[in-house]
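Sequential numbering from 1 applies to the sequence shown in the working numbering.
Virtual Cβ for every residue (Gly too), placed ideally from N, Cα, C.
Below: one structure, written as structure tokens.
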Amino acid sequence: MAKLTKEAFVEALKEMTLLEIKELVDGLKEEFGIDPTAMAVAAAPAAAEAEEKTEFTVVLKNFGTNKIAVIKVAREITGLGLADAKGLVETPDAVIKENIKKEDAEKIKAQLEEAGATVELK
Numbered sequence: 001m002a003k004l005t006k007e008a009f010v011e012a013l014k015e016m017t018l019l020e021i022k023e024l025v026d027g028l029k030e031e032f033g034i035d036p037t038a039m040a041v042a043a044a045p046a047a048a049e050a051e052e053k054t055e056f057t058v059v060l061k062n063f064g065t066n067k068i069a070v071i072k073v074a075r076e077i078t079g080l081g082l083a084d085a086k087g088l089v090e091t092p093d094a095v096i097k098e099n100i101k102k103e104d105a106e107k108i109k110a111q112l113e114e115a116g117a118t119v120e121l122k
């Protein structure tokens, strides 16, 4: 049997219907003993590692209805002047604090939410 190049294989796939491609994939799974559930199980440890995050970033999504209160809290947290804090609060997806412990991030989030802001921890 002549060797099929990658380009020729891709071109052949372009000519196939979805049903034919599904049948091809099923045939490959059977021929090579591929178990899709084994791949899902192997991916699970990566998700567990993501949960062990130790540093967080506090992101201000929007200031809500009480902009002045949010600016005051932002000034306290960041140590910025009034104009800079106002500019920060008015910036979409503004980073308030980066690379801080979860406890500190939760505390800052609570302060900003109490002032009326929408906040996200990343």
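**Asked** When the distance is taken between beta carbons, is Ala69 closer than 7 Å to Ala110?
**Response** Taking 7 Å as the Cβ cut-off, Ala110 and Ala69 do not qualify as a contacting pair.
**Asked** Val95 and Lys67 look like a contact to me (Cβ under 8 Å); what is the Cβ gap, rounded to whole Å?
**Response** The Cβ separation is near 18 Å, so there is no contact.
**Prompt:** How would you label Leu24, buried or exposed, when you count the other beta carbons within 10 angstroms and need 16 or more for buried?
**Reply:** Exposed, by the Cβ-count rule.
**Message:** According to DSSP, Ala94 sits in a beta bridge with which residue or residues?
**Reply:** Ala94 is bridged to Leu60.
**Asked** How would you label Ala8, buried or exposed, when you count the other beta carbons within 10 angstroms and need 16 or more for buried?
**Response** Label assigned to Ala8: exposed.
**Prompt:** Roughly how many whole angstroms lie between the Cα atoms of Lys14 and Ala2?
**Reply:** Taking the straight line joining both Cα atoms gives about 20 Å.
**Message:** Using the three-state DSSP reduction, which class does Glu113 fall into: helix, strand or coil?
**Reply:** Three-state result, Glu113: helix.
**Asked** So, are the CB atoms of Ala105 and Leu121 less than 7 Å apart?
**Response** The beta carbons of Ala105 and Leu121 sit closer together than 7 Å.
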